[in-house]
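Notes follow once the structure below has been shown.
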């Protein structure tokens, strides 16, 4: 393979994704604001760049993995940003979770300069990033997806083409909304059961085999019973994703309900200083409101 | 096997359950207020009784499958009711979905007369009743469950002992709450996606492979895409189960949130005359509120 | 005046109402399960009866003031109850706050025996009861109201004929729902303002002069600023009234929203053991959820 | 009086406010993007300017009345904006309803150039603007308020100093949240009463005299009974104000509830194309959800 690949933003998610690209034999140049973040990838054979511009100047395909819209928009769109600095004909792929408006603006700017752009938010967490089993949701031209599909296969096992730019971040926000509503409703339900004298493990076993089952049930063994609220998926991050969902819902004027209550809980967790804990920590807030003794279940 | 089994209430659920008991070779006597309801079971070899008292007089084990607490309480507890009329030493098993207070009252009355009682609400619908794959949640003395376990194995494949009388109907209400909240939140989420221009089938495929997955997703192919809102699980029935959940939550003072909004939708469906439709019909109400064209997705 | 008046149930509300009837010069016989409850009224000139039946046997008009439907229904409708024992041609007036179904049943039973019945729940609290300034909402035949209007004028200053039996308790539940939703929303709003650094008294002054004003604002000076959460109107009582509102809403299938959240707060207060406090105590729960320092405002 | 006053933005609110300033004898220069908007004020004696810069160059005090943050921020802060163009030592007063962050940014920029700035959102609608009875909420330095108080007295009858920059728009959003929650809860309550057979006018009369009273009750006579849903206060505007309330609540992490449901209704009204109607039009949505015949009450 002779294409040159760049990767900018090697945080918790970006770092293992970059490693997985490297493992497939691509020539990889990497950059992160924090020099320590790239060390293991350079040690594994990537070239470390001294700036994002340095990566952009030479790469045929550039991945970015940044915190959110406030970082992604200026990175691409500001004077001297990625759209200006990218190599002629390059494909730019943003793996970040952002507002759908962000990829729409970037794609327009990219096309105006003859570049290609794909939004590609991922799902599956740090575990999925390491195992290269992420779901990758893409939005933009299908032809661009086909061009870079081998690269995406390096980081995830399910690659979806959702629709035009913005569609991928839309479905990601919708999925995460369902995930957190299912979890919060489960925790309210089990709080009722616990206060009525039922056993948490028994309840979870029954629901897992019944119509109420959802991926949220995995939290019972992982977090609720051992009372282990380390992330996982942080409250602050879920709050951001719910905010994205609400922004989309308001843009298209779809009145929603459940997600507001889920964000109510995220806000209460943020108020309690629990923003860096796993979203399952909301169970402790529900216990307080119900005056359920917070004893080990 | 020489024990004599009775079955009272052969409606949509009771009828196939009675047939499955018969198939295991038990001597079965059946009764329903509607004489037509027992015909197929009598044709298959059961004895038809002329009254509930007739069944109760002779059976060692009696199943009841009735609509809800307003029918179950007088059936067992009224003067001349089942507790008075049951054969000495009989085991009475109520398969109905009722308020948890109902089995508590019945068990106390049964014990006072030297009878045994088990609450045993089931999950899995008419399909599960026919296939003998129901989940059976039991509440009461574990020894009573062991005594009748072979009979319960005839109707379901997962038999749970949840706790004392009332516990089984508690977890059933909790499960059904989660089931309907997951479904309503999913429908709100997909309404947002549809109005934002995404494809319903694509969205469902992605969520099925992601953190937001739940049993509710099966409704997309079964009901939402074909716009088929025949039950399945009726709005009126889910409204009753949510009412049970709320009754329990208020008894133990656990403040809840999501289930109220789910019942808001059930109430709106009842107002619209949709009580006999599948709960998925709530999607049409969400479409109206969102001014989403109700076109075939 | 020669009509004989009876009064049964001389609790916090009934006692001052009975006194006000007496002050208008009526011959009054009183009874309460708790003998101490009638002492001051007897001292003021009423005749103390030894039983409710004793009152019913002789009075032309009988008032009842009891906790709720679970007490009122058997009192009137049980074998040997008030409908059976009342003097021929008597007018029975129930001042209690009950489910609308209760006066409907009582009125039917009363008419069947040739008696007259009026539901007459009151609003204005103990203060209004003492000052004879209660609002009296009546449901039933308008002619019955006209017959007893002078007696009702003794206890309240605004007498309304709302509609047939049940209508008065319906509007009472609706009013109380609005009262508590307005209060809870105000407390959430002011919690936001307080955490944003605004002064509570200043905020209240501005809202009082603006579109957001409601009777709830009186709680700021009376309860929130002095942090005085003695009743007033108890959490447990408001929870009962919201339950009545929800029972009515579900009977007629009107999907509601705000009242559920208000009851969520009442339930959380009950869980925290605050049922006997004034409903304003919910502010302390909102402070906790917001991690607002619970310092004197 | 020799101070020179400027007024920029003479829309529905700005126009009558500018007239009231003129009536007090101030020398007034006005500008609006729409030349027709200033005609009546010029006819009354104001000087029409050809641009905002023209106003800013000469005025000692400049009022702005613009739609919201997206217009106000660039007007003041952009290169060549009001902060750059204002006369040395001028006082700038923004009467617009904006996010609290907006006046904070403007005040900082104004102080850096030696200018004075006051946020001064108003309450009372077009009627109050014409009658010069607006409530004027100010945020910023109290000394600046004292300097311009005579000018503010020209437009409103209650002038409040709420706190530092941002505080005035915070209380305005809080007040408007209470206003719309009170109204929506009232409409849900009366929908229950109507479907239970009660009379709307009777219900409103009783609540007005009871604990549930609020300014929202005025909508019954003005909008609900005549079914007159012309503004008044537009749905789109209330949606914007609720968005401001939610932005503030999330900044300070106070979990809220009622306002979400109110915005759910505003969103449903926007979806139905009712954004330019009075917020009372939500009653028609509640009627639909309840299958209440939309007949003249």
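Protein chains in written order, with the numbering used here: chain A, 1 to 297; chain B, 298 to 594; chain C, 595 to 891; chain D, 892 to 1188.
Heads up, the beta-carbon is just placed ideally off N, CA and C, and yes, glycines get one too.
As the structure is a prediction and not an experimental result, all values here were calculated from the model.
Check whether the Cβ of residue 1148(D) lies closer than 9 Å to any Cβ atom in chain C.
-> The sequence position of residue 1148(D) within the fourth chain is 257, counting from 1. By this cut-off, residue 1148(D) is an interface position.
Identify which residue in 65(A), 107(A), 97(A) and 264(A) has its Cα closest to the Cα of residue 84(A).
-> Working through the first chain from its first residue, we reach residue 84(A) at position 84. Residue 107(A) is the option with its Cα nearest to residue 84(A).
Selection of the segment 419 to 436 of chain B by Cβ proximity to chain A, strictly under 9 Å = 420, 421, 422, 432 and 434
How would you call residue 1183(D), buried or exposed, if buried means at least 16 neighbouring beta carbons within 10 angstroms?
-> Position 292 of the fourth chain holds residue 1183(D). When all chains shown are included, residue 1183(D) counts as buried.
Is the distance from the Cβ of residue 1119(D) to the Cβ of residue 1044(D) below 9 Å?
-> By 1-based counting over the fourth chain, the position of residue 1119(D) is 228. By 1-based counting over the fourth chain, the position of residue 1044(D) is 153. Result no, Cβ atoms of residue 1119(D) and residue 1044(D) do not sit closer than 9 Å.
From residue 767(C) to residue 650(C), what does the alpha carbon distance come to, in whole angstroms?
-> Position 173 of the third chain holds residue 767(C). Position 56 of the third chain holds residue 650(C). For residue 767(C) and residue 650(C), the distance between alpha carbons rounds to 29 Å.
Own chain, CB closer than 8 Å to residue 230(A), minus 5 neighbours either side, in chain order = By one-based count along the first chain, residue 230(A) stands at place 230. Only 277 and 278 meet the Cβ criterion.
Taking only runs of the alpha helix (DSSP H) that begin and end inside the segment 448 to 487 of chain B, which ones reach a length of at least 4 residues, in chain order?
-> none
Applying a beta-carbon distance threshold of less than 8 Å, which residues of chain B neighbour residue 1182(D)?
-> Here residue 1182(D) is taken as the residue at index 291 of the fourth chain, counted from 1. Those within 8 Å of residue 1182(D) in chain B are 568, 569 and 570.
Using 9 Å as the limit for Cβ to Cβ distance, is residue 585(B) near chain D?
-> Translated into positions along the second chain, residue 585(B) becomes position 288. Closer than 9 Å: yes.
Give every residue of the same chain whose Cβ lies closer than 7 Å to the Cβ of residue 1047(D), excluding the five residues on either side of it in the sequence, and list them in chain order.
-> For this step, residue 1047(D) is matched to residue 156 along the fourth chain. 1013, 1023, 1024, 1025, 1026 and 1027.
Any chain A beta carbon closer than 9 Å to residue 746(C) | For the purposes of this step, residue 746(C) is taken as residue 152 along the third chain, with counting starting at 1. Answer no: the Cβ-Cβ gap between residue 746(C) and chain A never drops below 9 Å.
Taking three-plus beta-carbon pairs below 8 Å as touching, is the segment 784 to 795 of chain C in contact with the segment 1082 to 1102 of chain D?
-> no
Verify whether the separation of the beta carbon atoms of residue 982(D) and residue 1006(D) is less than 9 Å.
-> Residue mapping note: residue 982(D) aligns to position 91 of the fourth chain, counting from 1. Residue mapping note: residue 1006(D) aligns to position 115 of the fourth chain, counting from 1. Contact flag set, yes.
Determine the chain A residues that contact residue 591(C) at a beta-carbon separation under 7 Å, and present them in chain order.
-> The question about residue 591(C) has no answer, for chain C in this structure spans 595 to 891.
Look up residue 372(B) in the DSSP assignment and say whether it is helix, strand or coil.
-> As a first step, residue 372(B) must be located in the second chain, where it is residue number 75. It is helical.
9 Å Cβ cutoff, residue 1142(D) in contact with chain C = As a position in the fourth chain, residue 1142(D) is number 251, starting the count at 1. Chain C contact via Cβ: present.
Just checking my contact of residue 140(A) with residue 119(A) at CB under 8 Å: how many whole Å lie between their CB atoms?
-> Numbered from its first residue, the first chain carries residue 140(A) at position 140. Numbered from its first residue, the first chain carries residue 119(A) at position 119. Yes, they are in contact, since the Cβ atoms of residue 140(A) and residue 119(A) sit about 6 Å apart, within 8 Å.
CB residue 858(C) to CB residue 553(B), shorter than 9 Å?
-> Counted from its first residue, the third chain places residue 858(C) at position 264. Counted from its first residue, the second chain places residue 553(B) at position 256. Yes. Within cutoff.
Excluding the five sequence neighbours on either side, which residues of its own chain have a C-beta within less than 8 Å of the C-beta of residue 374(B), listed in chain order?
-> The residue you call residue 374(B) lines up with position 77 of the second chain. Correct list, in chain order: 380, 402, 403 and 406.
How would you write the range of the beta strand (DSSP E) that residue 359(B) sits in, first residue to last?
-> Taking the first residue of the second chain as 1, we reach residue 359(B) at position 62. Its beta strand (DSSP E) spans residues 358 to 361.
Contact set between residue 792(C) and chain D, taken where Cβ atoms lie within less than 9 Å | Counting from one through the third chain, the residue named residue 792(C) turns up at place 198. Within 9 Å Cβ-Cβ: 1053, 1054, 1058, 1061, 1062 and 1065.
Rounded to a whole number of angstroms, what is the C-alpha to C-alpha distance between residue 1143(D) and residue 271(A)?
-> By one-based count along the fourth chain, residue 1143(D) stands at place 252. By one-based count along the first chain, residue 271(A) stands at place 271. Roughly 8 Å between the two C-alpha positions.
Taking only beta-carbon positions, decide if residue 1152(D) is within less than 9 Å of chain A.
-> Against the fourth chain, residue 1152(D) aligns to sequence position 261. Answer yes: the Cβ-Cβ gap between residue 1152(D) and chain A drops below 9 Å somewhere.
Alpha-carbon to alpha-carbon, residue 654(C) and residue 667(C) = As a first step, residue 667(C) is located in the third chain; it is residue number 73 there, counting from the start. As a first step, residue 654(C) is located in the third chain; it is residue number 60 there, counting from the start. Spanning the two alpha carbons is a distance of roughly 21 Å.
Using a cut-off of 7 Å between C-beta atoms, extract the partners of residue 785(C) located in chain D.
-> On the third chain, residue 785(C) is found 191 positions in, with the first residue counted as 1. Those within 7 Å of residue 785(C) in chain D are 1145.
Taking C-beta to C-beta, are residue 513(B) and residue 214(A) nearer than 9 Å?
-> Along the second chain, one-based indexing puts residue 513(B) at 216. Along the first chain, one-based indexing puts residue 214(A) at 214. Yes.
Determine, using beta carbons only, whether residue 324(B) and residue 302(B) come nearer to each other than 9 Å.
-> Taking the second chain and counting its residues from 1, one reaches residue 324(B) at position 27. Taking the second chain and counting its residues from 1, one reaches residue 302(B) at position 5. In contact: residue 324(B) and residue 302(B) (Cβ atoms closer than 9 Å).
Would you call residue 100(A) buried or exposed, if buried means 16 or more other Cβ atoms sit within 10 Å of its Cβ?
-> Against the first chain, residue 100(A) aligns to sequence position 100. When all chains shown are included, residue 100(A) counts as buried.
Among 602(C), 800(C), 799(C) and 805(C), the one whose alpha carbon lies nearest that of residue 646(C) | Residue numbering aside, residue 646(C) sits at position 52 when the third chain is read from its first letter. Nearest of 602(C), 800(C), 799(C) and 805(C) to residue 646(C), Cα basis: 602(C).
Chain B beta carbons: is any one of them nearer than 9 Å to that of residue 620(C)?
-> Translated into the one-based positions of the third chain, residue 620(C) becomes position 26. No, its Cβ sits nowhere closer than 9 Å to a Cβ of chain B.
What first and last residue would you give for the alpha helix (DSSP H) that runs through residue 722(C)?
-> For the purposes of this step, residue 722(C) is identified with residue 128 of the third chain, where counting begins at 1. Note, residue 722(C): alpha helix (DSSP H), 719 to 725.
At a Cβ threshold of 9 Å, is residue 499(B) touching chain A?
-> Within the second chain, numbered from 1, the residue matching residue 499(B) stands at position 202. Yes, contact with chain A.
Less than 9 Å separating the beta-carbons of residue 315(B) and residue 360(B)?
-> For this step, residue 315(B) is matched to residue 18 along the second chain. For this step, residue 360(B) is matched to residue 63 along the second chain. Yes, the pair counts as a contact, with Cβ atoms nearer than the cut-off.
Residue 396(B) at chain G interface by Cβ criterion, 9 Å = This model lacks chain G altogether; the protein chains it does include are A, B, C and D.
Whole-Å CB distance - residue 21(A) paired with residue 151(A), under 8 Å assumed | Your numbering for residue 21(A) matches position 21 in the first chain. Your numbering for residue 151(A) matches position 151 in the first chain. About 6 Å separates the two Cβ atoms, so the contact holds.
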